[in-house]
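One structure below.
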Amino acid sequence: MRILFLSSSALALLVGEGSALAQQQGPASAPPTPAATASLDINRVASGGPNDRALGAAALPEIQLLASADDKVASLAWTFSTSPAGDGLSYSQFSLRLATSIQDKEGDNELLGLTGFPGGTELKLNFTQFFGHTRSPEGAALENENGIIEQAVSVCQNDPALNAARRAQVCNLDNPDSPGVSDLIWRYNRDRFDEFNRGRFAPVFPFVGVEIGANQDRFSYLDRAAFSLSKVSRFGYSGTLFGGAIFTHSLTSVTGSFTFSRRYNAHGPVTLCQTINATQQQCLTGPDGRPDVSRHTVIALELRHAFRARDDGPAAVAIAPELSADLREHSYSINVPIYLAQDASHRLRGGVRLGYVNRRAPGGGREGEFNAGVFVGVPFQLFR
């Protein structure tokens, strides 16, 4: 059993709580016209996630720290390029992820399953393409949508917490500094927020992507011939294809991935001794020889889902289990973050993380290992 502590970047599927997916324009005193409400802008969409998962992004550099009795790793993620939204909410993004060991540990770090950090220093480049479309309500559906917006505008204009200047900015959708209709409804007509989303956005938002990575690790080993401890650097790489869908009306996403990687593994430690004189020996302990190369072919399936305490409320509990299997090494793993603790904005930021890895034992048969820990600083956010 290993206990670990995590502090990570946002785990998000699309926009976070209170973010404006649709920055639509319209008069403050009347519901927007059909032409106005058809204009969508997703520049603020974020599909963030833990730095170890395929689906993830961070508008600003986000740090993730992991630690256990055996392992300590720091990583940084940053989405540095996002394309403008095309017709139907189709857009792409590039992300960089950098991870490094912050203690003297060589070889795989499997706190996060079979596709976890390989050790040393690793750099990954991720490209994700999102596809989606919006509806253009007509007739009764359009009247209903306009009514939802009008109610939000009315409540906003009577908000005693806003002064005149803030009211003109927040409540007036014609104002270029307005947070957008999505934010407006979330703040001032939250009971009908999901109703608005169901009328405007398609229930499924698919995505595909590719991720490539390279890592450099330095290993120490015991050189039998020279009877000395030596060091050697090794270069590894990985490539991942992934795809899935975000189910916008049910606070759920599914991601499947295929990863091929080359890694290096240190041998187990041995102790060698040689005689110095009649009464003394010199002994050295270290990994027995240079590290071995290993190649891995891993398939994985991840589910993210949030549970609400009430239909119109924020998420009260969320899970993000991932099941993975290494087809070459005949090993498998399940890793389950469970989000329980909310912050002041009702975003889930902390909880527990459970994992299990089962692999072939060196001497034959199989061996399994459980790990468990807690995490903080990881807001779980879904399509809003």
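The working numbering runs 3 ahead of the 1-based position in the sequence shown.
Glycine included, each C-beta is placed from N, C-alpha and C at the ideal position.
Values in this document were obtained by computation on a predicted structure and should not be read as measured data.
Only buried fits residue 159, as 16 or more other CB atoms lie within 10 angstroms of its CB.
Here residue 213 is near residue 244, since their CB atoms are less than 7 angstroms apart. Separation of residue 57 and residue 383 (C-alpha to C-alpha, rounded to the nearest whole angstrom) is 16 angstroms. If the five residues before and after residue 356 are omitted, its C-beta is found closer than 6 angstroms to the C-beta atoms of 340, 376, 378, all from its own chain and listed in chain order. When DSSP states are grouped into helix, strand and coil, residue 325 belongs to the strand group. Excluding residues up to 5 positions away in sequence, 320, 351, 353, 354, 355 lie with their Cβ nearer than 8 angstroms to the Cβ of residue 343 in the same chain.
Annotation for residue 367: no alpha helix (DSSP H) segment contains it, and DSSP assigns it neither H nor E. C-alpha of residue 217 to C-alpha of residue 307: approximately 27 angstroms in a straight line. Beta-bridge pairing by DSSP links residue 291 to 225.
The C-beta of residue 365 has fewer than 16 other C-beta atoms within 10 Å across all chains shown, which makes the residue exposed.
Within the same chain, 301, 327, 329, 336 come within 6 angstroms of residue 117 by CB-CB distance, once the 5 residues on both sides are set aside. Taking C-alpha positions only, residue 276 is separated from residue 287 by approximately 6 angstroms. Taking the C-beta atoms as reference points, residue 210 is found no nearer than 7 angstroms to residue 242. Within the same chain, Cβ atoms closer than 6 angstroms to the Cβ of residue 359 are found at 337, 373, the five residues on either side in sequence being excluded.
Within the same chain, Cβ atoms closer than 6 angstroms to the Cβ of residue 273 are found at 291, the five residues on either side in sequence being excluded. In its chain, beyond the 5 residues on either side, 252 have a beta carbon closer than 8 angstroms to the beta carbon of residue 201. Secondary-structure assignment with DSSP links residue 103 through a beta bridge to 77, 124.
Cβ neighbours of residue 123 within its own chain (closer than 7 angstroms, five residues either side excluded): 104, 218, 219, 220, 221.
For residue 312, same chain residues with a beta-carbon under 8 angstroms away, outside a window of 5 residues either side, are 319 in chain order. Per DSSP, residue 145 has no beta bridge partner at all.
In this structure, 333 is the residue among 345, 349, 333, 346 with its C-alpha nearest to the C-alpha of residue 371.
A direct Cα-Cα distance of roughly 17 angstroms separates residue 172 from residue 154. Within the same chain, and ignoring the five residues on either side of residue 270 in sequence, the residues whose Cβ sits closer than 6 angstroms to its Cβ are 290, 291, 292. Distance from the CA of residue 156 to the CA of residue 128, rounded to the nearest whole angstrom, comes to 42 angstroms. Beta-bridge partners of residue 237 (DSSP): 220. In the assembly as shown, residue 235 is an exposed residue. Its beta-carbon has fewer than 16 other beta-carbons within 10 Å. Here residue 151 is near residue 199, since their CB atoms are less than 7 angstroms apart. Taking every protein chain shown into account, the CB of residue 194 has fewer than 16 other CB atoms within 10 angstroms, so this residue is exposed. Around the beta carbon of residue 299, 16 or more other beta carbons lie within 10 angstroms, which makes this residue buried.
Note that the C-beta distance between residue 265 and residue 240 is below 7 angstroms. Counting only the Cα atoms, residue 197 lies some 14 angstroms from residue 149.
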